[in-house]
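Each remark here refers to the structure printed beneath this line.
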């Protein structure tokens, strides 16, 4: 839909966007693991950093790190949801329904393994290269091979040169991921997340709620 200064058209556009957003959020909620559908409150500093990151629309990526159990994964799902809400905001130029893809690193590396069907692997790689927002959970947990590092580089390099954002959670900082991602991905990820590395602290949420 095009922008307009006509109040009636603006109201219609807002209603149309709201309806589309609700449909998208419903689909996203259906894909969200049950344990992460519960509300989570971000601490004030993290909440402000996330709000600024989403509002900036700069193409920068976001890296959530911290000890095990502090809520990195749960927070990332919430941030994806908030990003999706913002993507349907009236002030944003409409470029089609935004696509958010989410993967746990172990599942992603398994899908990219060399014995996976070529057509499925290539289709997945293209989707992850081009989707509007990519969330990779627990990146340091995956066991890697040279093959999967190459496939991961193809994904990250395409997103890097096209300034498409990634949300990553990990127990370690971007600079310490070289053993998992390889040096080329670690270098790009460090630049992509420059100024957007959030350290989450606190108690182990798994004692009473999702982590």
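In this note's numbering, the protein residues as written are 177 to 387.
Where a beta carbon is used, it is the ideal one built from N, C-alpha and C, also for glycine.
Since we're looking at a predicted model, the values are computed, not measured.
Neighbourhood of residue i by C-beta distance below 6 Å, restricted to the same chain and skipping five residues each side
| i | result |
| --- | --- |
| residue 327 | 288 |
| residue 229 | 238 and 372 |
| residue 374 | 222, 225 and 240 |
| residue 274 | 263 and 308 |
| residue 313 | 249, 280 and 345 |
| residue 236 | 372 |
| residue 278 | 311 |
| residue 348 | 316 |
Cβ distance (whole Å) where residue i is taken to contact residue j below 8 Å
| i | j | result |
| --- | --- | --- |
| residue 315 | residue 276 | Not quite, the Cβ-Cβ distance comes to about 17 Å (not below 8 Å), so this is no contact. |
| residue 247 | residue 376 | 6 Å |
| residue 251 | residue 216 | 6 Å |
Proximal residues to residue i (C-beta, below 7 Å), its chain only, five neighbours per side dropped
| i | result |
| --- | --- |
| residue 177 | Because residue 177 sits at a pLDDT of 47, beneath the cut-off of 50, its placement in the model cannot be relied upon, and the following sentence gives the value as read from the coordinates. The answer, listed in chain order, is 189, 192 and 270. |
| residue 331 | 301, 304 and 305 |
| residue 379 | none |
| residue 317 | 281 and 282 |
| residue 213 | 205 |
| residue 266 | 189, 190 and 193 |
Beta-carbon contacts of residue i that lie in its chain and below 8 Å, excluding the five residues immediately before and after
| i | result |
| --- | --- |
| residue 231 | 262 |
According to DSSP, residues forming a beta bridge with residue i
| i | result |
| --- | --- |
| residue 239 | 344 and 373 |
| residue 279 | 312 |
Discussion item. Does the contact criterion of 3 or more C-beta pairs under 8 Å hold for the stretch 240-260 versus the stretch 294-301?
Written reply: In this structure the stretch 240-260 does not lie against the stretch 294-301, because fewer than three pairs of beta carbons, one per stretch, are closer than 8 Å.
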